[in-house]
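Visitor: Got a structure here, written out as structure tokens. Questions coming.
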Amino acid sequence: MEKRKLVIPDDIKAALKEVGVKKGQVVMVHTSLRSLGYVCGGAQSVIETLLEGVGEEGTIMMPTQSWKNLDPKTGVYWQEPKEWWSVIRENIPAYDKRITPTNTMGTVAEMFRQWSGTLRSDHPARSVAAWGRYAQYLTENHDLSDIFGDSSPIGRLYELDGYVLLIGVGYDKNTSLHLADVRADYPGKHTVIESSAIQINGQRIWKSYETLAVDGEDFSAIGEAFEQTGQVCHALLGNGILSMMRQRALVDFAVKWIEENRK
18 MEKRKLVIPD DIKAALKEVG VKKGQVVMVH TSLRSLGYVC GGAQSVIETL LEGVGEEGTI
78 MMPTQSWKNL DPKTGVYWQE PKEWWSVIRE NIPAYDKRIT PTNTMGTVAE MFRQWSGTLR
138 SDHPARSVAA WGRYAQYLTE NHDLSDIFGD SSPIGRLYEL DGYVLLIGVG YDKNTSLHLA
198 DVRADYPGKH TVIESSAIQI NGQRIWKSYE TLAVDGEDFS AIGEAFEQTG QVCHALLGNG
258 ILSMMRQRAL VDFAVKWIEE NRK
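So the mapping is simple: the numbering used here equals the position in the sequence shown, first residue as 1, plus 17.
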């Protein structure tokens with residue numbers, strides 16, 4: 018087992034500079050704090066360094082998904098007894114973007130959603146949070162059905178010619194690949210009906226909506242192929258690796274890959 022390394026804010030700053038983070042950029046960030054080793058200052062150090070890197074003229078966005086806010090019958094509560102699912106459905110709190118916690122998005126994203134000046138989108142299961150110049154544009158009007166499509170925060174990042182930064186995680190966590198899934202044409206593409214607990218006029222209801230079935234099983238393979246194009250910048254940070262890429266290049270590549278390889 019590799020010895021756990023110590024990471025200080027200056028190390029983070031140097032790694033961000035090495036992969037190309039600059040003032041004014043719009044960057045979607047995915048993180049695993051644990052994969053880096055021991056980070057002095059934890060999530061706070063990572064966030065402060067990212068915000069300093071892009072400056073007030075730039076924007077940082079992170080996934081803050083609360084996908085446990087889906088109907089239990091879809092299996093999202095697989096770790097709980099099935100006989101509990103109906104009770105959970107009746108009692109899970111409605112989504113509140115101010116307080117609803119993230120699910121498996123990591124400690125950095127969980128702290129980021131609460132960061133001063135950060136805005137969060139209204140999607141009850143697939144929200145994002147953003148800070149900076151384009152935060153409002155990225156997070157507003159997140160349509161229930163268009164989770165990851167052209168009108169979504171991910172689609173707007175594409176419009177802004179933004180970047181994707183993976184900090185200690187792989188392409189299986191790269192949300193932007195879902196935009197390619199939306200745009201690609203392949204035989205198995207299909208929609209599903211999902212439901213989430215939301216508040217309307219102060220009343221909790223379950224709202225159903227039709228959306229593209231979320232499929233990310235081949236994202237690691239897509240990432241491995243994209244890496245071969247030489248369009249990804251890397252830097253070591255503690256025990257982990259940073260990978261940065263233009264989102265448009267990634268999505269355009271992934272659309273072709275999906276159309277050629279998915280059934």
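Ideal placement from N, C-alpha and C gives every residue a C-beta, glycine not left out. All values reported here derive from a predicted model rather than from experimental measurement.
1. Compare the Cα-Cα distances from M128 to each of S237, W148, G233, N218 and report the closest residue.
2. Quick check on I64: buried or exposed, where buried means 16 or more other Cβ atoms within 10 Å of its Cβ?
3. Can you tell me whether DSSP reads S83 as helix, strand or coil?
4. In terms of residues, what are the limits of the beta strand (DSSP E) holding I239?
5. Name the DSSP bridge partner or partners of R221?
6. Let me know the alpha helix (DSSP H) ranges lying completely inside the stretch 117 to 145, each 4 residues or longer, listed in chain order.
7. Can you find the residues in the same chain that come closer than 8 Å, C-beta to C-beta, to I34, ignoring five residues on each side of it along the sequence?
8. Quick test of your reading: G187 and G240, contact by CB under 8 Å. State the CB separation rounded to the nearest angstrom.
9. As a quick exercise: from S212, K273, D139, R173, pick the residue whose alpha carbon is nearest that of D200.
10. Comparing C-alpha positions only, which one of H140, S52, L67, Y175 sits nearest to A31?
11. Tell me the residue span of the beta strand (DSSP E) that contains I258.
12. Alpha carbons only, please: which of C250, L87, I275 is nearest the one belonging to E227?
13. Let me know the secondary structure DSSP gives H159 once reduced to three states.
14. When the Cα atoms are used, what is the spatial distance from R279 to D232?
15. How about D232: is its C-beta nearer than 7 Å to some C-beta of chain B?
16. Quick check: the stretch 98 to 108 against the stretch 46 to 63, are there 3 or more CB pairs under 8 Å?
17. From this set, S52, T76, L229, K190, which residue's C-alpha is nearest K40's C-alpha?
18. In terms of alpha-carbon separation, which member of Y203, A146, D269, Q216 lies closest to E277?
19. Are the CB atoms of S83 and G185 within a distance shorter than 7 Å?
20. Measure the CB-CB distance between T81 and R173 and report whether it falls below 7 Å.
21. Looking only at C-alpha atoms, which of D178, T119, H207 sits nearest to Q131?
22. Could you tell me whether the Cβ atoms of S260 and L194 are closer together than 7 Å?
23. Tell me where the alpha helix (DSSP H) around I171 begins and ends.
24. How would you label M18, buried or exposed, when you count the other beta carbons within 10 angstroms and need 16 or more for buried?
25. With a threshold of 16 other CB atoms inside 10 Å of the CB of A230, please say whether the residue is buried or exposed.
26. Using three-state DSSP, classify A252 as helix, strand or coil.
Guide: According to the structure data:
1. One-based indexing of the sequence shown puts residue 128 at position 111. The shortest Cα separation from M128 among S237, W148, G233, N218 belongs to W148.
2. In the sequence shown, counting from the first residue as 1, residue 64 sits at position 47. Around the Cβ of I64, a 10 Å sphere holds 16 or more other Cβ atoms; the residue is buried.
3. In the sequence shown, counting from the first residue as 1, residue 83 sits at position 66. Note: S83 maps to coil in three-state DSSP.
4. Within the sequence shown, numbered from 1, the residue matching residue 239 stands at position 222. Careful: I239 lies outside any beta strand (DSSP E), inside the alpha helix (DSSP H) at 236 to 244.
5. To locate residue 221, count along the sequence shown from 1; it is residue 204. In the DSSP output, where bridge partners are listed per residue, R221 has Q216.
6. Counting whole runs of 4 or more residues, the stretch 117 to 145 contains the alpha helix (DSSP H) stretches 124 to 129.
7. Your numbering for residue 34 matches position 17 in the sequence shown. The displayed chain sequence assigns Lys, not Ile, to residue 34. Contacts found: G70.
8. One-based indexing of the sequence shown puts residue 187 at position 170. One-based indexing of the sequence shown puts residue 240 at position 223. Right, their Cβ atoms sit about 7 Å apart.
9. Working through the sequence shown from its first residue, we reach residue 200 at position 183. It should be noted that the sequence gives Arg, not Asp, for residue 200. The residue among S212, K273, D139, R173 with its C-alpha nearest the C-alpha of R200 is K273.
10. Working through the sequence shown from its first residue, we reach residue 31 at position 14. When each option's Cα is compared against that of A31, the closest is L67.
11. Taking the sequence shown and counting its residues from 1, the one referred to as residue 258 is at position 241. Membership of I258 in the beta strand (DSSP E) is indicated by the continuous run 257 to 263.
12. The count along the sequence shown starts at 1 and reaches residue 227 at position 210. When each option's Cα is compared against that of E227, the closest is L87.
13. By one-based count along the sequence shown, residue 159 stands at place 142. H159 falls in the coil class under three-state DSSP.
14. The residue labelled residue 279 in the question sits at position 262 within the sequence shown. The residue labelled residue 232 in the question sits at position 215 within the sequence shown. So the two alpha carbons sit approximately 11 Å from each other.
15. Among the chains of the structure shown, chain B does not appear; only one protein chain is present.
16. Contact between the stretch 98 to 108 and the stretch 46 to 63 is not established, with fewer than three Cβ pairs separated by less than 8 Å.
17. Reading the sequence shown from its first residue, position 23 is the one you call residue 40. It is T76.
18. Numbered from 1 along the sequence shown, position 260 holds the residue referred to as residue 277. The shortest Cα separation from E277 among Y203, A146, D269, Q216 belongs to Y203.
19. Here residue 185 refers to the residue found at position 168 of the sequence shown. Here residue 83 refers to the residue found at position 66 of the sequence shown. No; because the gap between Cβ atoms is not below 7 Å, this pair is not in contact.
20. Residue numbering aside, residue 81 sits at position 64 when the sequence shown is read from its first letter. Residue numbering aside, residue 173 sits at position 156 when the sequence shown is read from its first letter. It is not a contact, given that the beta carbons lie outside the stated cut-off.
21. Locating residue 131 in the sequence shown gives position 114, where the first residue counts as 1. Each of D178, T119, H207 was checked against the Cα of Q131, and the nearest Cα belongs to T119.
22. Numbered from its first residue, the sequence shown carries residue 260 at position 243. Numbered from its first residue, the sequence shown carries residue 194 at position 177. In this structure, L194 does not lie closer than 7 Å to S260 by Cβ.
23. Along the sequence shown, one-based indexing puts residue 171 at 154. Where I171 is concerned, the enclosing alpha helix (DSSP H) stretches over 170 to 176.
24. Indexing the sequence shown from 1 puts residue 18 at position 1. So M18 ends up on the exposed side.
25. For the purposes of this step, residue 230 is taken as the residue at position 213 of the sequence shown. Per the 10 Å Cβ criterion, exposed.
26. Sequence index remark: in the sequence shown, residue 252 carries index 235 (1-based). DSSP places A252 in the strand class (E or B) of the three-state scheme.
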